[in-house]
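In the working numbering, the protein residues as written are 23 to 244.
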């Protein structure tokens with residue numbers, strides 16, 4: 023059996039202080055051991071990959087969906103996310119031939135709203151339609167981001183929990199930059215308190231506090 027290795031590059035993807043789960047027998051390079059000690063990442067051995075999946079931190083759970091114009095980019099983003107140790111819920115119904123992207127929107131939003139996924143990502147034709155629909159759902163704060171700055175501001179200033187991308191308008195490299203920036207930017211509490219409070223006020227006044235029910239489960243890409 024080929025021996026598994028954990029390098030310092032892979033370890034740096036984990037937040038300081040967070041546990042690092044590895045399959046039993048994984049070899050840590052000397053530099054990885056040094057980085058783990060510096061960043062206080064405890065190395066926890068598990069018997070199987072399935073066991074690690076069950077221990078996946080909540081903030082590593084992402085819902086991902088796309089309409090037909092965004093399928094190609096979705097596949098590339100799914101690989102990127104999995105390579106960065108995310109648990110990806112694939113919210114595209116493989117049996118549904120319809121080009122309409124409404125179902126993936128609701129599936130992604132449902133997982134975020136019910137707390138089964140920490141955040142969600144949608145890829146559509148222009149980044150607008152999915153954003154409008156998703157923002158009709160209580161608890162969802164969706165934003166169409168098209169560069170690094172909008173991705174950073176959406177998280178830092180507005181605590182956005184659903185990222186919308188325009189698949190045909192983005193190169194794979196730019197889309198990857200937007201996604202990684204969005205995922206690695208934390209909300210600065212109090213930085214935009216008035217806007218956040220207004221969003222909550224509007225939801226209470228105009229929207230029903232309900233959980234949307236979507237038939238069928240999203241498959242998990244491991």
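Even for Gly, the Cβ is constructed at its ideal location relative to N, Cα and C.
Mind pulling the beta strand (DSSP E) runs of 3 or more residues that sit fully within the region 73 to 149? Within the region 73 to 149, the complete beta strand (DSSP E) segments at least 3 residues long are 83 to 88, 109 to 112, 141 to 146, listed from N- to C-terminus.
Per DSSP, cross-strand counterpart(s) of residue 27: Mapped onto the chain shown, residue 27 falls at position 5. Residue 27 is bridged by DSSP to 49.
Which residues does DSSP pair with residue 166 in a beta bridge? As a first step, residue 166 is located in the chain shown; it is residue number 144 there, counting from the start. Answer by DSSP bridge pairing, in chain order: 186.
Excluding the 5 residues preceding and the 5 following residue 207 in the sequence, name in chain order all residues of the same chain whose CB lies nearer than 6 Å to its CB. Along the chain shown, read from residue 1 onward, the residue named residue 207 stands at position 185. Once the five neighbours on either side are set aside, the close Cβ partners of residue 207 are 174, 177, 178.
Using a Cβ-Cβ cutoff of less than 7 Å, which residues in the same chain neighbour residue 65 once the five nearest sequence positions on both sides are dropped? Looking up residue 65 in the chain shown gives position 43. The residues are 42, 44, 50, 58.
Alpha-carbon to alpha-carbon, residue 143 and residue 168: For the purposes of this step, residue 168 is identified with residue 146 of the chain shown, where counting begins at 1. For the purposes of this step, residue 143 is identified with residue 121 of the chain shown, where counting begins at 1. Cα to Cα, residue 168 sits roughly 13 Å from residue 143.
Using three-state DSSP, classify residue 66 as helix, strand or coil. Within the chain shown, the letter at position 44 stands for residue 66. Here residue 66 sits in strand by DSSP.
Selected residue, minimal CA-CA separation from residue 297, among 47, 83, 187: Look at the range of the chain in this structure, 23 to 244, and you will see that residue 297 is not part of it.
For residue 194 and residue 93, what's the separation of their Cα atoms in angstroms? Along the chain shown, one-based indexing puts residue 194 at 172. Along the chain shown, one-based indexing puts residue 93 at 71. Rounded to the nearest angstrom, the two C-alpha atoms are 12 Å apart.
Can you check whether the CB of residue 84 is closer than 8 Å to the CB of residue 103? Position 81 of the chain shown, counted from the first residue, corresponds to residue 103. Position 62 of the chain shown, counted from the first residue, corresponds to residue 84. The answer is yes: Cβ separation under 8 Å.
For my contact list, residue 165 and residue 185 are in at a C-beta cut-off of 8 Å; report their separation, rounded to the angstrom. For the purposes of this step, residue 165 is identified with residue 143 of the chain shown, where counting begins at 1. For the purposes of this step, residue 185 is identified with residue 163 of the chain shown, where counting begins at 1. Correct: roughly 7 Å between the Cβ atoms.
Residues near residue 119 in its chain [Cβ-Cβ closer than 7 Å; skip 5 each side]: By 1-based counting over the chain shown, the position of residue 119 is 97. Residue placement at residue 119 cannot be trusted, given a pLDDT of 44 that sits under 50; the coordinates are not used to answer.
Residues in the same chain with beta-carbon distance under 6 Å from residue 117, minus the five sequence neighbours each way, listed in chain order, please. If you number the chain shown from 1, residue 117 lands on position 95. A caution first: residue 117 carries a pLDDT of 45, below 50, which makes its placement in the model unreliable, though a value can still be read off. Excluding sequence neighbours, residue 117 sits near nothing in its chain.
Burial state of residue 224, where buried means 16 or more other Cβ atoms lie within 10 Å: Here residue 224 refers to the residue found at position 202 when the chain shown is read from its first residue. Residue 224 should be labelled exposed.
Check whether the Cβ atoms of residue 187 and residue 200 sit closer than 8 Å, and answer yes or no. Here residue 187 refers to the residue found at position 165 of the chain shown. Here residue 200 refers to the residue found at position 178 of the chain shown. Cβ distance < 8 Å, so residue 187 and residue 200 count as in contact.
Can you find the residues in the same chain that come closer than 7 Å, C-beta to C-beta, to residue 203, ignoring five residues on each side of it along the sequence? Position 181 of the chain shown, counted from the start, is the residue given in the question as residue 203. If we look at residue 203 and ignore the five residues flanking it on each side, its Cβ neighbours are 170, 173, 174.
So for residue 33, helix, strand or coil by DSSP? Residue numbering aside, residue 33 sits at position 11 when the chain shown is read from its first letter. In this structure, residue 33 counts as helix in the three-state DSSP scheme.
Taking residue 126 as the reference, give the member of 54, 112, 105 with the closest Cα. Here residue 126 is taken as the residue at index 104 of the chain shown, counted from 1. Comparing C-alpha distances from residue 126 to each of 54, 112, 105 shows the shortest one belongs to 112.
Leaving out five residues on either side along the sequence, give the residues of the same chain with a beta carbon under 6 Å from the beta carbon of residue 181. Residue 181 sits at position 159 when you count from the first residue of the chain shown. Once the five neighbours on either side are set aside, the close Cβ partners of residue 181 are 209.
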